[in-house]
Amino acid sequence: MTRNRLGAFIEALVRDRRPKSFDADPGEAEMLRVAIALRASRPGAGTPDERFVAELHRQLADDADVPFTAEEQVHARAASPVTVPSRPRSRWSPAIPRRVGLVGIAAAAFVAVGASAVVTNAVDHSSRATTAQVAQSATLRFASLRTPAGQTVGQVYVHQGDPSWMFMSMHGRYTDTTLSCELHLANGTTMQVGTVQLHEGTGQLAHPVPLNVSQLRRAQLVTSTGAIVASATFS
Amino acid sequence: MQYPPTIDDAMAPEWEAVYRDNVDYIYRLIFSRVGNRPDAEDLTSEVFRTALRPLRLSASAPEIRAYLRATARTVLASHWRRRYGIEVTSLDPDMGVSEDPQDQLGSDAPERAAKILARLPERYRRILELRFLESRSLRESAQAMDISVGNAKVLQHRALRLAAGVTEGS
């Protein structure tokens, strides 16, 4: 049985077809992993088909209900207010403040991990999809990331889920370096949750966090010597 | 220490630019973890459909790419759980995200494959090369190795099993 379904999986890979589903045990998973690694290593194997790229672009444009760019819409409305139907502002319009943008990113990440989130006033409610996807019951916590001098240099979002997730974004005039992220919990324990690579002053971290986010009191970024570069306090 | 102002809205990219700057990267990343075009296309579509809807384009390019990568990681994990009940491959959450065009490959597959093959006996290595790298059928592979189709099938299975054991222990 094992050999048959593995053989079918391999045949599908070699023919560039979609393999059939089956419940794989850990040993089979390891063999599938090897097969995928070998198959994906062929020169040019990972190049997307131009027709796929074009078709997905068209579908995304249709999904957005934006047949042309936001700027073109403005021009079209100005030139022909009678014939151009009124519609909400494009949800992909670029004219949105940075802070709102980051909240959107965090909300999207939480949607992406299969979780739901209550997103407050920072979400662009002209986005029907956003509202529909995130307006479910769960916990989303936010805190600004500040330097010891009190200057805001980023944001931290944590979302209660299975698993819980954290998204951190930082921007400032720092040299390229690596900072460690620490989470401080209400019971006094400290948890290390990965690193942030700063490149030209900017860095991000998206990471699952095995905790109840209501227990989170502070997130902070520290250097290799333990110096605190920035921290975010959750009320 | 001084900090730059927030990103000027006028500099914010259009969603088309976000898509075109990242579609190759995301596709290659996913292909390296599923190994076939139909699944890679479906999952790439899922990443962009999930990610672009709530995305605010005033974020920086690295922020957007990090977010797309985080979405891809989740989409991939869901794919494996749904189809095989176990996470066969994954994306490293700690892997850095670069804007360098050279990093567009988004795949370390050639390096991993070379390591796997280098540690196998000649006949095992050959059957896997014929099947996975040269896309030969079992019959063609058997002919190339001057063995029966049945033997080629057995050899392929044993080679994969040994390779899996090799990677497991490394």
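Chains as they are written, first to last, in the numbering used here: chain A, 597 to 831; chain B, 425 to 594. Beta carbons: idealized from backbone N, C-alpha and C, even for Gly.
Cβ-based contacts, 7 Å cut-off: residues of the region 607-619 of chain A near chain B
Residues passing the 7 Å Cβ filter: A608, L609, V610, D612, R613, R614, P615, S617, F618 and D619.
Starting from the beta carbon of A:A823, find every residue of chain B whose beta carbon is closer than 9 Å, and list them in chain order.
Translated into positions along the first sequence, residue 823 of chain A becomes position 227. Correct list: empty, because the minimum Cβ distance to chain B is about 13 Å.
Any C-beta of chain A within less than 7 Å: which residues of the region 548-565 of chain B qualify?
If the cut-off is 7 Å between Cβ atoms, the region 548-565 of chain B has L552, R555, F556, L557 and S559 near chain A.
Contact defined as beta carbons within less than 8 Å: I believe B:A496 pairs with B:L476. What is the distance between those atoms, to the nearest angstrom?
The sequence position of residue 496 of chain B within the second sequence is 72, counting from 1. The sequence position of residue 476 of chain B within the second sequence is 52, counting from 1. Taking a contact as a CB-CB distance under 8 Å, the pair B:A496 and B:L476 does not count as one, their CB atoms being some 13 Å apart.
With distance defined between alpha-carbon atoms, name the residue in A:M766, A:T643, A:N783 and A:Q793 nearest to A:S827.
Here the question's residue 827 of chain A lines up with position 231 in the first sequence. Selected option, being the one with the closest Cα: A:M766.
I'd like the span of the alpha helix (DSSP H) that includes A:S820, first residue to last.
Counted from its first residue, the first sequence places residue 820 of chain A at position 224. A:S820 -> no alpha helix (DSSP H), and no H or E assigned at all.
For the region 783-802 of chain A, enumerate the residues whose C-beta is nearer than 9 Å to any C-beta of chain B, in chain order.
In summary, the residues of the region 783-802 of chain A whose CB is separated from some CB of chain B by less than 9 Å are G790, T791, Q793, H795, E796, G797, T798, G799, Q800, L801 and A802, in the order they occur in the chain.
What separation, rounded to the nearest whole angstrom, lies between the Cα atoms of A:Q800 and A:Q811?
On the first sequence, position 204 is the one that residue 800 of chain A refers to. On the first sequence, position 215 is the one that residue 811 of chain A refers to. Inter-residue distance for A:Q800 and A:Q811 is about 22 Å (C-alpha atoms, whole angstroms).
Would A:F618 and A:A739 be called neighbours here (beta carbons separated by less than 8 Å)?
Counted from its first residue, the first sequence places residue 618 of chain A at position 22. Counted from its first residue, the first sequence places residue 739 of chain A at position 143. Between A:F618 and A:A739, the C-beta spacing is not below 8 Å.
Determine, for A:E778, whether the minimum Cβ-Cβ distance to residues of chain B falls below 8 Å.
To locate residue 778 of chain A, count along the first sequence from 1; it is residue 182. By this cut-off, A:E778 is not an interface position.
Which term fits B:N446, buried or exposed, when burial requires 16 or more other beta carbons within 10 angstroms of its beta carbon?
One-based indexing of the second sequence puts residue 446 of chain B at position 22. By the beta-carbon neighbour count (other beta carbons within 10 angstroms, threshold 16), B:N446 is buried.
For B:L500, decide whether its Cβ has a neighbour in chain A, counting only Cβ atoms nearer than 8 Å.
Here residue 500 of chain B corresponds to residue number 76 of the second sequence, with the count starting at 1. With 8 Å as the cut-off, B:L500 does not count as an interface residue toward chain A.
For B:E535, is the beta carbon positioned less than 7 Å from some heavy atom of the ligand MN?
Only the bare structure without any ligand can be found here, which leaves the ligand MN out of the picture.
Sorted by chain position, which residues of the same chain lie with C-beta nearer than 8 Å to A:A604's C-beta, five sequence neighbours on each side aside?
In the first sequence, residue 604 of chain A corresponds to position 8, counting from 1. Closer than 8 Å at Cβ, skipping near neighbours: P615 and K616.
Is A:A620 helix, strand or coil by DSSP?
The count along the first sequence starts at 1 and reaches residue 620 of chain A at position 24. When DSSP states are grouped into helix, strand and coil, A:A620 belongs to the coil group.
Is there a C-beta anywhere in chain A that falls below 8 Å from the one on B:L584?
Looking up residue 584 of chain B in the second sequence gives position 160. It does: the Cβ of B:L584 has a partner Cβ on chain A nearer than 8 Å.
Which of the residues in the region 567-581 of chain B, read from start to end, lie with their CB under 9 Å from any CB of chain A?
Identification of residues in the region 567-581 of chain B having a C-beta nearer than 9 Å to some C-beta of chain A yields K577, V578, Q580 and H581, given in sequence order.
Does the CB of B:A490 have a neighbour CB from chain A at under 8 Å?
Here residue 490 of chain B corresponds to residue number 66 of the second sequence, with the count starting at 1. By this cut-off, B:A490 is an interface position.
Among A:R814, A:R737 and A:V749, nearest to A:L794 - alpha-carbon criterion
Here the question's residue 794 of chain A lines up with position 198 in the first sequence. Residue A:V749 holds the alpha-carbon nearest to the alpha-carbon of A:L794 among A:R814, A:R737 and A:V749.
Determine the chain B residues that contact A:D659 at a beta-carbon separation under 7 Å, and present them in chain order.
Taking the first sequence and counting its residues from 1, one reaches residue 659 of chain A at position 63. Among the residues of chain B, those whose CB is under 7 Å from the CB of A:D659 are R473, following chain order.
Tell me, to the nearest whole angstrom, how far the beta carbon of B:R549 is from that of B:L541; I am working on the premise that it is less than 8 Å.
As a working note, residue 549 of chain B is residue 125 in the second sequence. As a working note, residue 541 of chain B is residue 117 in the second sequence. Rounded to the nearest angstrom, the Cβ distance from B:R549 to B:L541 is 5 Å, consistent with a contact under 8 Å.
A:P804, DSSP secondary structure in three states:
Walking along the first sequence from the start, residue 804 of chain A turns up at place 208. When secondary structure is reduced to three states using DSSP, A:P804 falls in the strand class.
Taking DSSP as the reference, what is the three-state secondary structure of A:T643?
Along the first sequence, read from residue 1 onward, the residue named residue 643 of chain A stands at position 47. In the structure shown, A:T643 sits in coil (DSSP, three-state: anything other than H, G, I, E or B).
Cβ atoms of A:V809 and A:R742: under 8 Å apart, would you say?
Within the first sequence, residue 742 of chain A is the residue found at index 146, counting from 1. Within the first sequence, residue 809 of chain A is the residue found at index 213, counting from 1. Not in contact: A:R742 and A:V809 (Cβ atoms no closer than 8 Å).
Among residues of its own chain, excluding the 5 on either side of A:L847, which ones have a beta-carbon nearer than 7 Å to its beta-carbon?
With chain A running from 597 to 831 in the structure shown, residue 847 of chain A is simply not present.
Check the C-beta distance from B:F556 over to A:L634 and give it rounded, since I have them as a contact under 8 Å.
Taking the second sequence and counting its residues from 1, one reaches residue 556 of chain B at position 132. Taking the first sequence and counting its residues from 1, one reaches residue 634 of chain A at position 38. Going by Cβ atoms, the distance from B:F556 to A:L634 rounds to 4 Å, so yes, they are a contact pair.
Determine the direct distance from the alpha carbon of B:E440 to that of B:A566, and round the result to whole angstroms.
Walking along the second sequence from the start, residue 566 of chain B turns up at place 142. Walking along the second sequence from the start, residue 440 of chain B turns up at place 16. Going from the Cα of B:A566 to the Cα of B:E440 covers about 48 Å.
Residue from B:E438, B:S484 and B:R461 whose Cα sits closest to the Cα of A:G797
Locating residue 797 of chain A in the first sequence gives position 201, counting from the first residue. Comparing Cα positions, the closest option is B:S484.
Does DSSP put B:S559 in a helix, a strand or coil?
Locating residue 559 of chain B in the second sequence gives position 135, where the first residue counts as 1. Here B:S559 sits in coil by DSSP.
Taking 8 Å as the CB-CB cut-off, is A:H755 touching chain B?
Residue 755 of chain A sits at position 159 when you count from the first residue of the first sequence. Not an interface residue.
Drop a sphere of 10 angstroms on the beta-carbon of B:I450, count the other beta-carbons inside from all chains shown, and report buried for 16 or more, exposed for fewer.
Indexing the second sequence from 1 puts residue 450 of chain B at position 26. It counts as buried.
So, does the region 457-473 of chain B touch the region 489-509 of chain B, judging by three or more C-beta pairs under 8 Å?
These segments touch.
Name the one or two DSSP bridge partners that A:L652 has.
Residue mapping note: residue 652 of chain A aligns to position 56 of the first sequence, counting from 1. Residue pairing for A:L652: DSSP places it in no beta bridge.
Under the assumption that A:V805 contacts A:L779 (Cβ atoms under 8 Å), give the Cβ distance between them as a whole number of angstroms.
Within the first sequence, residue 805 of chain A is the residue found at index 209, counting from 1. Within the first sequence, residue 779 of chain A is the residue found at index 183, counting from 1. Contact holds; Cβ gap of about 7 Å.
Could you check whether the Cβ of A:P644 sits closer than 8 Å to any Cβ belonging to chain B?
In the first sequence, the residue the question calls residue 644 of chain A occupies position 48. It does: the Cβ of A:P644 has a partner Cβ on chain B nearer than 8 Å.
For A:T786, which residues of its own chain have a beta-carbon under 8 Å away from its beta-carbon, when the five flanking residues on both sides are left out?
Position 190 of the first sequence, counting from 1, holds the residue named residue 786 of chain A. Excluding sequence neighbours, A:T786 sits near E778, L779 and H780.
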